[in-house]
Amino acid sequence: MLNEIIHATLENYQYALTVFACLFILERIRPVEEKQPFAGVVFNLFISVVLTVATQITMRLMVSVLPPMPFHPLLTVAPPSTWQGKVGCEILVLFLYDYFAYWLHRVEHSVSFLWRMHRLHHEEEHMNVTTTNRHHPLEALLRVPFVLLPLVTLFDLPFSPLAFGVALGVLLPSFSHMNLRLEFGSFTPFMIGPQLHRLHHSSEERHFNKNFANIFPLWDILFGTYLAPERGQFPSTGLQALPKNQRIIPSGYFFAELLGRVRRKSVISESSVFETGTGGMR
Ligand SMILES: [Zn+2]
Ligand SMILES: [Zn+2]
1 MLNEIIHATL ENYQYALTVF ACLFILERIR PVEEKQPFAG VVFNLFISVV LTVATQITMR
61 LMVSVLPPMP FHPLLTVAPP STWQGKVGCE ILVLFLYDYF AYWLHRVEHS VSFLWRMHRL
121 HHEEEHMNVT TTNRHHPLEA LLRVPFVLLP LVTLFDLPFS PLAFGVALGV LLPSFSHMNL
181 RLEFGSFTPF MIGPQLHRLH HSSEERHFNK NFANIFPLWD ILFGTYLAPE RGQFPSTGLQ
241 ALPKNQRIIP SGYFFAELLG RVRRKSVISE SSVFETGTGG MR
């Protein structure tokens, strides 16, 4: 087991480093910030090792301790034979994964102790591709009950672990964290990119609690948290503007959302019966 974890960690980290290196070079084409402190990159790469180990341990524990499911999944899709079917399946898996990841992300912004973990990701003041893995290792653990379990218990989907892992684990999130002045224009609502995700990381309070989706902004559009960037808008990032005595948004808000109050404009609303105080978390 230990050998497997070490081997998988090295393999995954090597892959992540390769993607980071390629995108880091591409960032030079048109960076949002010309010069960024190298120490931040080194810190992110170190945190990335810890996160990779935590992910591997979590995944193996999940596989070894989970009992067989006592019920049939809601949706079963037979393995497709055509390439169109395979691509369709991959997109479907991405969509469903992103749905659960959206809500986990939103809960991380809403529940105080989860935010304390997630804020490490948001403390980045010089966002670049290495920020992708700047996550508290316990966040890897959260993905099991919030994302992986619902996905594998509710849906029986044929998907290629390779494409799934590549797209989700490293490539797409890495792309959206790039220090790159790249605008999608009218394509912005269809796929997350460096500009839209930068708004999520923005240090400006008016951008707080927006654009939670990892891949498809559709979830933000549907659940009222989408904020389209203005032309040429690439705000600074970090938590400098957050009040020290930041309030806690009760998790009751989250459950109210699930029960149908899904069209609200912001997680932070002055008029909400669930919320008190000022300030907020991103
Ligand atoms: Zn991010
Ligand atoms: Zn966030």
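The opening residue of the sequence shown carries number 1 in this note's numbering; numbering runs sequentially from there.
Note that beta-carbon positions come from the ideal geometry of N, C-alpha and C, so glycine has one too.
Original post:
Among residues of its own chain, excluding the 5 on either side of leucine 51, which ones have a beta-carbon nearer than 7 Å to its beta-carbon?
Top reply: Around leucine 51: Asn133, His135, Pro137, Ala140.
**OP:** Please confirm if the stretch 220-239 is in contact with the stretch 199-209, defined as three or more CB-CB distances below 8 Å between the two stretches.
**Re:** Contact between the stretch 220-239 and the stretch 199-209 is established, with three or more Cβ pairs separated by less than 8 Å.
**OP:** Excluding the 5 residues preceding and the 5 following serine 251 in the sequence, name in chain order all residues of the same chain whose CB lies nearer than 8 Å to its CB.
**Re:** In this prediction, serine 251 has a pLDDT of 39, which is less than 50 and means its spatial position is unreliable; nothing more can be read from the coordinates.
Original post:
Relative to the C-alpha of glutamate 11, which residue among Val53, Ala21, Glu33 is closest?
Top reply: Nearest option by C-alpha distance: Val53.
Original post:
Do the stretch 202-214 and the stretch 234-243 make contact, defined as three or more Cβ pairs closer than 8 Å?
Top reply: These segments touch.
Original post:
Does the stretch 114-131 come within contact of the stretch 166-185, defined as at least 3 CB pairs closer than 8 Å?
Top reply: As far as the Cβ criterion goes, the stretch 114-131 touches the stretch 166-185, which means the pair count is three or higher.
Original post:
Do valine 170 and valine 63 come within 9 Å of each other at the CB atom, strictly closer than that value?
Top reply: In this structure, valine 170 does not lie closer than 9 Å to valine 63 by Cβ.
Original post:
What is the DSSP secondary structure of threonine 132, reduced to helix, strand or coil?
Top reply: Helix.
**OP:** Label lysine 210 either buried or exposed according to how many other C-beta atoms from any shown protein chain fall within 10 Å of its C-beta, with 16 as the threshold for buried.
**Re:** That one is buried.
Original post:
Would you say arginine 60 and glutamate 123 are within 9 Å of each other, going by their C-beta atoms?
Top reply: Between arginine 60 and glutamate 123, the gap from beta carbon to beta carbon reaches 9 Å or more.
Original post:
Ordered along the chain, which non-local residues of its own chain (more than five positions away) have a Cβ less than 7 Å from that of lysine 86?
Top reply: Here the set comprises Pro80.
Original post:
Using DSSP with H/G/I as helix, E/B as strand and the rest coil, what is threonine 9?
Top reply: Of the three classes helix, strand and coil, the one that applies to threonine 9 here is helix, per DSSP.
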